[in-house]
Structures are given as structure tokens and as C-alpha cells.
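In this text, residue positions in the sequence shown follow UniProt numbering: the first is 1, and each later residue adds one.
Yeah, the Cβ is synthetic: ideal placement off N, Cα and C, and Gly gets one too.
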Amino acid sequence: MAAQTGERASQVRINLKARDSEIELPAESQGSIVVSTDVKRYQLSTLVNKLLGPDKPIPFEFLINGQFLRTSLDDFLTQNGVSAETTLNVEYVKALVPPLHVASYEHDDWVSSVDVSASSDGLSSRILSGSFDGSIRVWDESSQVIATGQWHRSSAQSAKFITPSSIVSAGNDRSIRVWDFKDSDEKDGGELTPKLELLGHKSIVGRIAVNAPSSRILSASSDHTIGLWTTSKSSAPAAPESTSSNKRRKLSGPALSMPQRGALSMLTGHHNHVKDVTFDARDATVAYSGSMDHTIKTWDLTTSSCVTTTPTTYSIFSICHLPSHSLLAAGNTNSTIDLIDLRAQATRLSSLTCIGHTNWIRSISPSPTNAYRFVSASSDSTCKIWDLRSTSQNAAGNAIAKAVYTIERESQKGVKPARGSESAVFGVCWDEKVGIVSGAEDKKRFLAQSIGGLYVLLNTQAMTDDRGRHVLQGVIVWGVTLGHKYATAFQALNWTTSIIANRFSARRIDYTLSSISAFRIDIPKSNDDMPSEAPQKIAILSVYDKTGLLDLAKGLIKQNVRLLASGGTARLIREAGFPVEDVSAITKAPEMLSGRVKTLHPAVHAGILARDLASDEKDLAEQNINKVDYVICNLYPFKDTVAKINVTIPEAVEEIDIGGVTLIRAAAKNHSRVTILSDPEDYHDFLKELAEGEIPEKQRQLYALKAFTHTADYDTAISDFFRKKYAGDGTQQLSLRYGTNPHQKPASAFVTNRNLPFKVLGGSPGYINLLDVLNAWPLVKELDEALGYPAAASFKHVSPAGAAIGVPLSEQEKKVYMVEEIEGLDQSGLAQAYARARGADRMSSFGDVIALSREVDLPTAKIIGKEVSDGVVAPGYTAEALEILKKKKGGKYLVLQMDKAYTPPPQEQRTIYGITLTQNRNDALISPSNTFNSIIVPKESKPLPEPALRDLTVATIALKFTQSNSVCYALNGQVIGLGAGQQSRIHCTRLAGDKADNWWMRFHERTTGIKWKKGTKRADKSNAIDLLCSGIVPESGIERTEWEKNFEEVPTPFTAEERQAWLSKLSEVAVSSDAFFPFTDNVFRVARSGVKYIAAPTGSQNDQACFLSTEQLGITFVEQHIRLFHH
């Protein structure tokens, strides 16, 4: 604040800095400066200019703690609770001049896309627009149309300049078109000539991107694909046969004669509409795409392959690459923009979230002059300018940004449009010379007031008059209000329509027309002939659960609602003495087929589905159909029917509701106008709202949501019943003995969109068996794919007891793993893999489920035959191996054959305590070549040796399928110690380390030289060895006697010194952790078990301490960038 007269204003010390080297202060001017706290932006800008000494003054803005200074320094300090004694770090940046509205360009329909390019002479600019009327237009800066192309058969969704003389456009007709543009300085003097039509998409092409140097085009389509195209006719493939015929679509539009070509490649992988696509701004061989499937994908265009898939919380509608920061700005349906770091080493999905829009983000364009700024366009009628330097934190500690400027439509300045009435801004482009250009729709309709019933207003206002530099849009709106029970006719262009306006009191019909050739209207002679009452609203009722029905009927009648009902619903209301009409009163058709057909009729469903659109009103009037305002419907209890003992299929079929489901879905679909009640619990609140006036939009939305859920649950019950009846033999569904515990019945496994990916060849799976199988199988599959060896896993209670690849066994290892007598072992990599997996922790593997990555051969089956195990899963079995396995456990041994080609869907869900959780499947890829390249310590370390990469890969993939927290030790291509499911990281590390120590002690000559009593079982041997190697041999008593009875010669327990001496020989062990090490105690513990390599994520406050300890102990620490929690 300014100092009082005669007083000295308070002062504050500031440090001025700039990120832009062009405006950095000279060395002699750097350092702290004392300024008065009453200074504002202008005074600070003057100060910086004085220190810089530029030829011309440069306007600057100032950032303090991520906020632009808009007040005096004193006010800023007060508002933010900062002491004047604090030295402020003040960043100065070149000021962004507030955007001003310059011009509005009139268009005949909504503008979907805009772009800017220099003119052919390079002296001026050309503005390109694509419109919903199918046209593309090129304008000069004085709003003069230079050229128009009317060649798309439907809406032109996107248009871009390739060069100043070449344009590409795409739209709803599924095609992409390349045009030659001949420029001119005269109105309509330019020319757009068709050059090439690119075909291959099967649905709407909503967005295109161009890379002029490579002559390449990218397209995003509703058919879930991205097209990669070239503008060169000679190098483009031929158009696909299915789309190259002129008969492919019967769409209106001018006939075109131009060459047709196909795509260089079609990129597949998205599972919903692809809404936007862009080239990497620095590398034309890389592209990014955003989709409604809640993912962003990175593509390698040289191989046409997806490099990474980044899950997002919401559907993505627009993306923009910001190369200087290695960020992708992604606009979504949550009205926010996420700044996403797609680099492999990024540890957070969203680096920054831009908040402030109130509707979907339709388009994003970067500043042409400032790497920190970009502009966004939204369905909320605005464009917003953002600066990445202006940030703060929300309550959760996440970085957020608010817009630097908001550009409102000129016609809506200061007026916030109601949700749903905004003028969606579809496209925006920020050009260095022209400024910001945007194109949009205008949902606002105008209605003039006059006596006699005819209200017409011609409006040619621009539809997106933003405060940005240039805006493209225009519309002609005709509003017509019809008198009650009077007929109106008018002729527009060359077609004539008669409208019967029964029950249309004071309703409005809007048409968008380019001109009116004549109009005629019959109106009453006086206002007395015009009834003033509102039309009576209509409710249709058809309910199975009649709870509260009579109270509802009474409340509706009280509000003058006309009741139409079917069957028993109408009978009950009528018997209660309330006025009600049968549905046949409007359908003019009786119920038929024993009640199977009651409400299925256009008179019902057209009345429900009709919108407040002129075309819908016209259709209803011609058929004399009234709108329906409320639908009250609930369904036959199909679940109760099929829950009956011995219910037959014909009995179940008769309980399937058709008309009711159709009523509910129709009303729920049109919930913007119609209220749907499917739950009697809602009647009370509904009547209360009705008595107060119209049902609020939010409440209609919630009723619709409940209705959709009701029909979805109903359909699920039906499909579940018929899946059990028609595909319950293991094709799509498999009954299980019980759930997790014997009392948890019934239990089953099923899929809905394909056959089960496994076949039961022997035994009968249980719930826990399948939990183990479906975790163990992807583990061995990923190990095999990552390392190229046969892989095996031993699973117990949804975590691996052991996992390994088929590294050849030494003679000592064969003895330790009890497989020295297996014939053909040396020739079977799979058998050696399972010997290692089972041998890692024989105690934990007792009664395991086995997963094998390749066809099971005879040696592998022989090992399995000797062990206690519950089941095995593999992609196939030789005949002799299957014969052995089917005899195991008296023929009850579980044998599953897995479809090796099966890939689960990207989204997975589970229900816990009645709550459904959903997430993207953990599709992180672990590989020796890509995952372990970031060596933290020692500095300047050479790349890891192959054995280390192999063992880190084994350990890390094992963790991906281990209950968290988890730590894994690996050596020789196998897990040697795994700590799973511990609440603390150090206990995981200790548990896994103790198991690794136990494993190594089994190789001591005292252990391998044990002389067993004849007939000692393998399980008893394993238990005795475990006590010996763990150092917990009982000293005396019955437990000691039980231990000693296994031996011909009782081995001497190891002393502490003997154990330490032997364990000191263990080395080259690799350790992986599913999350960061929070304290150095983890590092100290792994060092005691011969660990040479550690791979773990970072992010702990103690990272540096852990790195230092690791280096001091001679251990290599590798940053593994992906957290791998598993639950």
C-alpha cells in the first residue's frame, strides 16, 4: 500500500530472475534489491527495463510463488500471509497482452475446426474453417471469404493447412480429403480443387494432424483406430476394396472425381472412440492419441506399434504436445486439463492439472511464441489461456493451475450460461500473427414478443464472439410460436409442411434455414381466443412392484397429470377410484399375446423419446401423438424366478420383461425432458418436487442413472441364467466346489464376451486354485516372453513360493532340488525351470499350484508326479505327460490347459463388501533391456552384466504377481527368497533374506551329504533340512527325537560361526522391491545375503541415505520406475 504523506513506505527485499535467457539480467545487476511494498506490476516492469536496457521497453509480468502479481507487493504479502522481512523470489516474464475481440466471421452452421496459415505471398494470413454443413472455407483477415469447398457429404469435423497451398479435411462421411488451394486477394477469387481422397476408416473421422515436412497425416476416428496417411499419390497404397466403390454410402452430396488411396497403416489398440491425435512436435516418427477408453497411447510410426499406454481417469477429448517440457496437455470430460509426462522415467501420471473450465475440453493449441503458454476451448462457451509457471497446490498437495485469461463469447460477457445452454467452442488455434482463432456453435435461440401469435426473429449474430482475436461462426434462427388448437403452415425454401398444433400451447419450434421464400400463418382474431392454461402433462405407469402406487397416483392427479397405465397397474388404480386410462387409449390397440405386448407402440415411445426440437414437434403433430412427461415402471423379479428350485427354461422365459425394459430405457435415454421412476422408494421425493414445480435436472439425472442400473442389473440376471444353462459346461462358465472357504457357496468362474481361456483336462478347480492359476500363468508367460527361456512358478495363496526360468542345472543343484534321478532332465528346459521354482522354498511349495509357460513334457510330469501339489496350468501337454498327471491324486489332480493367445481386457474389477472397484490392469512390461538402465550408484557405472539383468528381471516379474509389500532375492535365473504380504518393508526384506540364507545353506556339504533312513518321504526330508539350515534344530525332547529319526547318521547342527562362514560365500544376488526402501535398514539386511544388485522405485525421503549406504557396501542400485503393488 502507498505510504501516508510524510511517511516512508515499508520495504521488502526481492531477487529478480528469469527462465528466458534472452531477458536474463546481466551479472552486475543480479542479486537482492530493496523496493517499496507499494509498487505494482508497472513499477517493477520499469525497474527490470532499466536494469536490462533494451532498445524498446518490454512489458513484463511477475510471478511470486506461482501467482501472477495483480496487486501491490504490500497487498500480496498481506493476502498470502508473507512477512515483509522475507526475501521474495520474483520471476519476471514477458507480459501477455489481455486478448481483445477483433472480429466475428459469419458462417452458415456450427464451426468445428479452425487453422491459420500465411498467404501465398507471405505478407498476410489465411484462416481456415470447417463446418457442420460439410463445407470448408478460407478467409482473409478482413473476414472476406477467399474460397469455399462444399464437398464433404456430411459435417466437416476437422480441417488443417498442410502448406499455404494445400489443405486436408475430414468428417462424418469417414473420408479424408486433400485439396489444392489457389490463393487470391479478391473475395471468392480463390479456388479449392480436390486432389486426393483417403479411405479406410469405418466411422466418423473427428480430428486430423499434419506434419508438412514428411507429407504425413494422422487421423482419429470413432472406429477406435488411428490412420497414418501420406499426401503423395505415388507412394500411398490403393484404397481398400470395401470403401473405394462409389456405392459404398448413399449420402447426399456432389459427385467428386479424384484419386482414392488407402492408409499407410491403421493403428489399433484403443477400445473406444479416438478423439484426438497429434505428432510429436520434435519427432515425426512418434505420435500420441487420446480416447474415450480413458487412455493416452504413444505410437512408434515407423513400426506402427503402441509404445506405451497411459491410463487416465476420464475420457480424453483433446491433446497437445508441449515439447519444451516433454509434456502432453490432455483435455478431458471432467472439465480439466492434465499435463502428463509420458517419459519412461516419470513417476507421476499428472504433473499439473489445469482447473477452471466447467464443461468438456474440446481443443488445445500451444502459444507460438511462449513455451509455457497454451489456450484451450471448451463446451462451456469459453477459451482459456494458461501459463505453466502460474501454479499452486490444492489441499491434497497436487499441483494445479488456474487460467491467466478467460475469453468469453462477446454475446455472453458477464453472463454465465446455464449448463446445457452453453455455446460449445469446438476448435481453437493460436497463431503468432493473427492471434487466437476459435470456432463454435450457438445454442441460444431468440424469441420475439408480439400480439397475434406469430413470433419471428432473424438473427445473424456470430455464434462464438469470444474476446479472442478472431472468431468464426454465424447462424440464422427462425422462432415460431403456435397458437393453441390452431393450424400453422409455412413454406421454407422449396418444401411445405403443415403442423397440427394440438396441445402445443405457446410452444416454440426453431429451424435453422438459409432463407425463407414465403410464409403464411392463420392466427386468432383476438387474444381472447388464446387459452392461457398449460398443456396437461402425461404419465405412463406399468409396475410389477405396486408398493406406494396409489399414493403416487393420488399425487399425480393432484398436479393435474393425465394417467395412462397397463394391465394390473391400471386395474388397481381404477379400483381405488382414481381416474386412469388404459394405454390402449393412445395406442388404439389392445393387449395381446397373453400380455406379451402391452406398451410396444409408436404412440407410446415416440411420446417418450420426443425432444424439444422443431423436427420432433413436427413429427408428433403429423401423427397426432402427445408427449409423455413421466414414466413409472419397474420389472418382473427375474432373479426371484430363477432362484426357485428346478425352475425350467420356459418358465424363466415367460418372466423376461420386454415392454417394461423398453419403457424404462426410452425414458432414461430422454431424461433431459422425461422423468423416469423405477424405484418405489423415490415416489415420496418425486411428489414433493413435483408439488414445488418442475423436477430439477439433477434429480432427473439421478432417476435416469437408477433406471439404467435397474435394466442393466435385470439384463445381467438374464444373461447369468442363460450362461449357466447354455454355456455352463466350462464354455463360458464353470461351477466351483465352493469359494474361499467351504461355507461360501455357490461359487463360479465366468466370462461374458468370449469363452473361458482355459479348459479343464482333469480334476475340478476351486476358487483359490483359480486365484493362484490366474496369477501364476501371466507370471510365467511374462518371464518366457522377457527372457526367452521356459518358465515355471510354484504358487500358494496368490503369491509365488518360487519362480524360475530353465537355466541348466548343475549336478549339485540337481541333488539339492531332489531331481537327480529324473530321466531326460538335461534335455528339458521346462523341467529344469520347475525344479528351480519348486526347489527355491520347498516348505512353502508344499501343496502348490504349478504354472508352466510351455508344453509339459515327460521329465516335467515326472517331477510333478513326485511332489505334493494341487494342480497345474500350461498351454499344452504331451500325451505321456498328461497320462501321468491324470493319475495323480486318484484322478482328482487339477490339470488346466490355458489359451496362450488370451489377452485379458484392459479394465479389471472386483467387488469387496458390496463395493465395485475398477482399475486398469497392471500391463507394465518388465524386460532386461528397458527396465534396468537407470543406475543411480555407483556413478559412471558400466551397464549391468547379463546374469544381473536376467536375475533382476526374474525377481521383478515375480513381484508383479506377489501380495504386497514384497521383496524378492534372485540368483541363477530363479527366486531364492521372497518376502510377501508384510505390512512393513523391512520385514519383507528380512523374511526374503532369511529364505535366501536357508536356500544357500542347503548347498553346504553337510546338508548335501545327509544320510537318510530308507523310506523317508520327500516332505519329511524337506522339513528336516529346513530346521537344520535355518539354525533352529530342537535341542532336546520329543521334537528333537522326531527330527533325528529321519537320519541314518544325525548331522551336527551348524554353529553361528559355521553359518556365517558359509553365508559369506554367497554373492552376485539380485534383489528387487515392489516399492521404495523407506530406510537404510533394508540395504544393510540385503548386504548380509550376498546381494550385489538392487532394483527398486525411488521417492522416499531417505533415498539419498539409501543410495549412500548402497555405494559404501559395494552394491549397485538401479532405479526401477514402476511401483508394483499387488492385491
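Exercise for the section: Alpha carbon to alpha carbon, how far is L1027 from E811? Give it in angstroms, no decimals. Expected result: Against the sequence shown, residue 811 aligns to sequence position 811. Against the sequence shown, residue 1027 aligns to sequence position 1027. Each residue's alpha carbon lies about 24 angstroms from the other.
Handout entry: CA-to-CA distance, T278 to T285, given in whole angstroms
Key = Position 285 of the sequence shown, counted from the first residue, corresponds to residue 285. Position 278 of the sequence shown, counted from the first residue, corresponds to residue 278. Their backbone Cα atoms lie some 11 angstroms apart in a straight line.
Practice task
Taking only beta-carbon positions, decide if K546 is within less than 9 angstroms of chain D.
Solution key: In the structure shown, chain D cannot be found, because there is only a single protein chain.
Problem - Sequence-distant residues of its chain with Cβ nearer than 6 angstroms to L1113 (five each side left out) - result: Residue mapping note: residue 1113 aligns to position 1113 of the sequence shown, counting from 1. So the list reads A1087, once near-sequence residues are dropped.
Handout entry: Three-way DSSP call (helix, strand, coil) for I608 in this model
Key = Residue 608 sits at position 608 when you count from the first residue of the sequence shown. If DSSP states are grouped into helix, strand and coil, I608 belongs with the helices.
Exercise for the section: Just grab the DSSP bridge partners of L736 for me. Expected result: Translated into the one-based positions of the sequence shown, residue 736 becomes position 736. DSSP output for L736 lists A747 as bridge partner(s).
Practice task
State the start and end residues of the unbroken alpha helix (DSSP H) segment that holds V1086.
Solution key: As a first step, residue 1086 is located in the sequence shown; it is residue number 1086 there, counting from the start. It spans D1081 to A1087 - the alpha helix (DSSP H) in which V1086 sits, taken as one unbroken run.
Problem - alpha helix (DSSP H) runs contained entirely in the segment 854–920, provided each spans 4 or more residues - result: 858–866 and 879–887
Exercise for the section: Determine, using beta carbons only, whether A424 and W360 come nearer to each other than 9 angstroms. Expected result: Here the question's residue 424 lines up with position 424 in the sequence shown. Here the question's residue 360 lines up with position 360 in the sequence shown. Cβ distance < 9 angstroms, so A424 and W360 count as in contact.
Practice task
Look at R854 and N972 and say whether their C-beta atoms are less than 9 angstroms apart.
Solution key: Taking the sequence shown and counting its residues from 1, the one referred to as residue 854 is at position 854. Taking the sequence shown and counting its residues from 1, the one referred to as residue 972 is at position 972. Cβ atoms of R854 and N972: not closer than 9 angstroms.
Practice task
Enumerate in chain order the residues of its own chain whose CB-to-CB distance from A970 is below 8 angstroms, with the five nearest sequence positions on each side excluded.
Solution key: Counting from one through the sequence shown, the residue named residue 970 turns up at place 970. Contacts found: D951, L952, V954, A955, A958, I976, V1069, A1070, V1071 and S1072.
Handout entry: Burial state of P746 (16 or more Cβ within 10 Å)
Key = To locate residue 746, count along the sequence shown from 1; it is residue 746. Its Cβ having fewer than 16 others within 10 Å, P746 is exposed.
Exercise for the section: Report yes or no: do the segment 311–319 and the segment 355–370 share at least 3 C-beta pairs separated by less than 8 angstroms? Expected result: yes
Handout entry: Every unbroken beta strand (DSSP E) inside the segment 769–836 [3 residues or more]
Key = 791–796 and 799–805
Problem - Validate contact between the segment 1003–1015 and the segment 1051–1058 using beta carbons, cut 8 angstroms, 3 pairs - result: yes
Exercise for the section: Please name the residue in V760, F1047, H1127 and V90 whose C-alpha comes closest to that of R389. Expected result: Position 389 of the sequence shown, counted from the start, is the residue given in the question as residue 389. It is V90 whose Cα lies nearest to the Cα of R389.
Problem - Local conformation of H1126 per DSSP, three classes - result: For this step, residue 1126 is matched to residue 1126 along the sequence shown. If DSSP states are grouped into helix, strand and coil, H1126 belongs with coil.
Problem - At least three beta-carbon pairs within less than 8 angstroms, the segment 766–783 to the segment 820–828 - result: no
Practice task
Figure out for me which residue from S165, R41, E1058 and S234 has the closest Cα to the Cα of E1005.
Solution key: Sequence index remark: in the sequence shown, residue 1005 carries index 1005 (1-based). Of S165, R41, E1058 and S234, the residue nearest in Cα terms is E1058.
Exercise for the section: Give the secondary structure of I14 by DSSP, where H, G and I count as helix, E and B as strand, and everything else as coil. Expected result: Within the sequence shown, the letter at position 14 stands for residue 14. DSSP places I14 in strand when its eight states are reduced to three.
Exercise for the section: Please list, in chain order, all residues of the same chain as Q536 whose beta carbon is under 8 angstroms from its beta carbon, the five residues on each side excluded. Expected result: Counting from one through the sequence shown, the residue named residue 536 turns up at place 536. Hits under 8 angstroms: R503, N560, V561 and R562.
Exercise for the section: Would you be able to state if there are at least three C-beta pairs under 8 angstroms between the segment 74–88 and the segment 379–397? Expected result: no
Practice task
With DSSP as the reference, please indicate the residues paired to H321 in a beta bridge.
Solution key: The sequence position of residue 321 within the sequence shown is 321, counting from 1. Looking at the DSSP assignment, H321 forms a beta bridge with L328.
Exercise for the section: Can you tell me which of the three DSSP states L168 falls into? Expected result: Along the sequence shown, read from residue 1 onward, the residue named residue 168 stands at position 168. Leu is not the amino acid found at residue 168; the sequence shown has Val there. It is a strand residue.
Practice task
Under the assumption that G200 contacts P240 (Cβ atoms under 8 angstroms), give the Cβ distance between them as a whole number of angstroms.
Solution key: Counted from its first residue, the sequence shown places residue 200 at position 200. Counted from its first residue, the sequence shown places residue 240 at position 240. 6 angstroms between Cβ atoms; contact.
Problem - Buried/exposed call for residue 1129, threshold 16 Cβ in 10 Å - result: The chain is shown from 1 up to 1127; residue 1129 falls before or after that span and cannot be answered.
Exercise for the section: Please name the residue in V798, T313, L198 and L342 whose C-alpha comes closest to that of N334. Expected result: Position 334 of the sequence shown, counting from 1, holds the residue named residue 334. N334 has its Cα closest to that of T313, out of V798, T313, L198 and L342.
Exercise for the section: Please determine if the segment 838–857 and the segment 874–889 are in contact, where contact requires at least 3 C-beta pairs separated by less than 8 angstroms. Expected result: yes
Practice task
Quick one: give me the first and last residue of the alpha helix (DSSP H) that N211 is part of.
Solution key: Numbered from 1 along the sequence shown, position 211 holds the residue referred to as residue 211. Here N211 belongs to no alpha helix (DSSP H); instead the beta strand (DSSP E) covers V205 to N211.
Exercise for the section: Spatial neighbours of L917 within its chain, please: CB distance less than 8 angstroms, with the 5 preceding and 5 following residues excluded, ordered by chain position. Expected result: Along the sequence shown, one-based indexing puts residue 917 at 917. So the list reads Q909, R910 and T911, once near-sequence residues are dropped.
Handout entry: Reduced DSSP category for W179 - H, G, I as helix; E, B as strand; rest coil
Key = Counted from its first residue, the sequence shown places residue 179 at position 179. Strand at W179.
Exercise for the section: Tell me, please, which residues DSSP counts as bridged to E651. Expected result: Position 651 of the sequence shown, counted from the start, is the residue given in the question as residue 651. DSSP output for E651 lists no bridge partner at all.
Exercise for the section: Might you give, ordered along the chain, the residues of its own chain that have their beta carbon closer than 8 angstroms to the beta carbon of F374, omitting 5 neighbours on each side? Expected result: For this step, residue 374 is matched to residue 374 along the sequence shown. Answer for F374: C320, L322, A329, I364, S365, P366, S367, I385, W386 and W430, listed in chain order.
Exercise for the section: Enumerate in chain order the residues of its own chain whose CB-to-CB distance from T569 is below 6 angstroms, with the five nearest sequence positions on each side excluded. Expected result: Sequence index remark: in the sequence shown, residue 569 carries index 569 (1-based). Excluding positions up to five away in sequence, the list reads L541, S542 and V543.
Exercise for the section: Measuring alpha carbon to alpha carbon, tell me which of S799, D772, I805 and L774 ends up nearest G788. Expected result: Stepping through the sequence shown from its first residue, residue 788 is reached at position 788. Of the listed residues, the one whose Cα sits closest to G788 is I805.
Practice task
Within 10 angstroms of the Cβ of Y1093, are there 16 or more other Cβ atoms? Answer buried if so, exposed if not.
Solution key: Within the sequence shown, numbered from 1, the residue matching residue 1093 stands at position 1093. That one is buried.
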